[in-house]
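Asker: Using UniProt numbering, the letters of the sequence shown map in sequence onto residues 1 to 178.
Ideal Cβ positions, reconstructed from N, Cα and C, are used throughout, including at glycine.
All figures in this text were calculated on a predicted structure; none of them were measured in a lab.
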Amino acid sequence: MIKVFGVPRRIICDHGRSFTSEEFREFCDHIQTKINFNAVATPRGNGQVERYNRTVLDSLATMGADLDDDCWDENVHNVQLGLNGTLNRAVGVSPSEALMGFRVVSGDLLEPEDRTPLDVTEIRARMVAHTERYQASQKNRFDHPRSTPRLYQEAKSYCQNGEDRSEWPKFWGTIGTR
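(1) Quick one: Cα of GLY45 to Cα of VAL93, how far?
(2) Roughly how many angstroms lie between the CA atoms of ALA129 and GLN32, to the nearest whole one?
(3) Could you tell me which residues DSSP pairs with PHE19 in its beta bridges?
(4) Below 8 Å on the Cβ atoms is my guess for CYS71 versus PHE37; work out the distance and round it to an integer in Å.
(5) How is ARG10 classed by DSSP in three states: helix, strand or coil?
(6) Beta strand (DSSP E) containing ASN36: first to last residue?
(7) Could you give the first and the last residue of the continuous alpha helix (DSSP H) run that contains LYS139?
(8) Which two residues bound the contiguous alpha helix (DSSP H) that contains THR62?
(9) Closest by CA to ARG9, which one among PHE24, ALA39, CYS28 and GLU23?
(10) Residues in its own chain within less than 7 Å of HIS15 by CB, not counting five upstream and five downstream?
(11) Does the stretch 75 to 93 come close enough to the stretch 49 to 62 that 3 or more CB-CB pairs lie under 8 Å?
(12) Please report how far the alpha carbon of GLU26 lies from the alpha carbon of ASP73, in whole angstroms.
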């Protein structure tokens with residue numbers, strides 16, 4: 001990953017043994033990367049990472065790389081290539097396009113194409129417009145089965161349903177509107 005994206009300035013992680021080991025700390029000191037630990041026993045503090053880890057693990061399992069095998073790390077590159085090169089429906093571009101200005105592809109899968117990076121600011125402006133359209137369509141989809149609310153009028157009596165009304169008065173009075 002460092003070969004592709006460079007050395008990270010910081011790593012946000014939990015208190016797992018793999019991150020608290022002396023060997024990992026020495027490695028991070030060597031590459032001048034700061035380690036930020038989440039609060040203990042709060043996985044929700046790292047929710048996005050946990051969710052993405054589940055996606056990576058599911059992808060590895062789909063590729064036939066079981067975590068019990070010693071070769072699962074050989075398939076991480078293919079999973080990373082697939083996840084970073086897949087078009088995201090919500091923003092309209094792939095993660096690699098949003099970050100670097102071009103889609104990553106496997107050299108074995110597609111013919112060579114013009115890999116000149118595009119202007120990232122233009123891509124991000126398109127992403128904002130696409131996201132706004134996507135959010136509007138999701139709102140319409142959510143609101144579609146909803147019925148319009150009932151409008152109440154002042155000085156008109158209304159009945160309340162759903163409870164035992166034997167002790168209620170016949171008329172509660174009028175509803176005041178502001």
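Answerer: Based on what the coordinates show:
(1) Answer to the nearest angstrom: the Cα atoms are 27 Å apart.
(2) In this structure, the CA atom of ALA129 is about 38 Å from the CA atom of GLN32.
(3) For PHE19, which the question treats as bridged, DSSP gives no partner whatsoever.
(4) Cβ-Cβ separation between CYS71 and PHE37: approximately 30 Å, too far for a contact (criterion under 8 Å).
(5) Assigned with DSSP and collapsed to three states, ARG10 falls in strand.
(6) It spans 34 to 37 - the beta strand (DSSP E) in which ASN36 sits, taken as one unbroken run.
(7) If you look at LYS139, you'll find it in the alpha helix (DSSP H) that goes 120 to 143.
(8) For THR62, the uninterrupted alpha helix (DSSP H) segment begins and ends at 47 to 62.
(9) Of the candidates PHE24, ALA39, CYS28 and GLU23, the one whose C-alpha sits nearest the C-alpha of ARG9 is CYS28.
(10) Answer for HIS15: PHE37 and VAL40, listed in chain order.
(11) Three or more beta-carbon pairs drawn from the stretch 49 to 62 and the stretch 75 to 93 are found closer than 8 Å, and the two stretches are therefore classed as touching.
(12) Taking the straight line joining both Cα atoms gives about 21 Å.
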